[in-house]
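For reference, the structure is listed below as structure tokens.
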Amino acid sequence: MKRARFPGTNMIKRLFAILWLFLAGLILGETAFGQESHREADVHRIFVGSFGSNPDAAYLRSKLLLRLGRARTILIVEDPDTADVLLNGAAAMRLVGYYNSNLRVRYRNSANVRVYDAKMTVGLEDKKGRILWSGTLKPRFWGSQYVSDNVVNQAARHVTNVLHDIK
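The sequence shown begins at 2 in my numbering and counts up one residue at a time.
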């Protein structure tokens with residue numbers, strides 16, 4: 002006895018195969034077709050110098066290193082001689098005061114939240130000593146925990162934009 006075939010069986014198989022190829026292309030990205038995801042010329046080697054000797058400067062520098070390390074086109078190097086660009090600067094955080102949501106309480110207690118301010122002065126230069134970008138970065142708001150993230154994200158965004166433009 003012959004099996005009954007639905008009229009669109011071949012069409013469904015073709016659409017299913019096209020869908021699988023499309024998904025494989027999305028998952029594997031550019032490497033599925035034998036291309037590298039980034040060419041050697043697109044990756045910039047960067048050396049991040051010291052931002053100061055105080056613990057807050059070291060904390061902001063380490064956060065900046067982590068943030069720059071997430072960029073696909075930036076390779077952080079330990080030796081300034083092997084770097085394409087040098088990032089130097091100074092960073093500081095300070096305690097501005099305390100915040101309490103209860104306006105009647107005029108003394109410090111366990112409900113108080115520390116309020117910080119941060120400042121980074123950053124300079125990006127190439128091997129020849131030409132300044133590619135420099136700036137003083139301040140957070141867009143005062144707060145307890147996000148001030149350092151805000152300043153570091155601003156610096157990383159400026160650095161990646163400048164490196165993207167110079168190719």
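C-beta: ideal position from N, C-alpha, C; glycine also. All values derive from a computational prediction rather than experimental measurement.
From the DSSP output, which residues share a beta bridge with Val-123? For the purposes of this step, residue 123 is taken as the residue at position 122 of the sequence shown. Gly-90, Gly-136, per the DSSP bridge assignment.
Beta-carbon within less than 8 Å of Val-86's beta-carbon, same chain only, minus the 5 sequence neighbours each way: which residues are those? Against the sequence shown, residue 86 aligns to sequence position 85. Contacts found: His-45, Arg-46, Ile-47, Phe-48, Leu-125, Glu-126, Asp-127, Lys-128, Leu-133, Leu-164.
Quick check: the Cα distance between Val-78 and Leu-96, rounded to an integer number of angstroms? Your numbering for residue 78 matches position 77 in the sequence shown. Your numbering for residue 96 matches position 95 in the sequence shown. Approximately 32 Å between the Cα atoms of the pair.
Rounded to whole angstroms, what's the CA-CA distance from Pro-140 to Arg-68? Just pull it up for me. For the purposes of this step, residue 140 is taken as the residue at position 139 of the sequence shown. For the purposes of this step, residue 68 is taken as the residue at position 67 of the sequence shown. C-alpha separation (whole angstroms): 16 Å.
Tell me whether Ile-75 is buried or exposed, calling it buried when 16 or more other Cβ atoms sit within 10 Å of its Cβ. By one-based count along the sequence shown, residue 75 stands at place 74. Buried, because 16 or more other Cβ atoms sit within 10 Å of the Cβ of Ile-75.
According to DSSP, simplified to helix, strand and coil, what is Val-148? On the sequence shown, residue 148 is found 147 positions in, with the first residue counted as 1. Reduced to three states, the DSSP call for Val-148 is helix.
Mapping the DSSP letters down to three states, classify Val-97 as helix, strand or coil. The residue given as residue 97 occupies position 96 in the sequence shown. Looking at Val-97 - three-state DSSP - the assignment turns out to be strand.
Between Arg-71, Gly-136, Asp-166, Gly-26, which lies nearest to Asn-89 when the distance is taken from Cα to Cα? By one-based count along the sequence shown, residue 89 stands at place 88. Selected option, being the one with the closest Cα: Gly-136.
Note the first and the last residue of the continuous beta strand (DSSP E) segment covering Leu-76. Counting from one through the sequence shown, the residue named residue 76 turns up at place 75. 75 to 77 is the extent of the beta strand (DSSP E) around Leu-76.
According to DSSP, residues forming a beta bridge with Ile-109: Locating residue 109 in the sequence shown gives position 108, counting from the first residue. For the sequence presented, residue 109 should be read as Arg rather than Ile. Arg-109 is not bridged to any residue.
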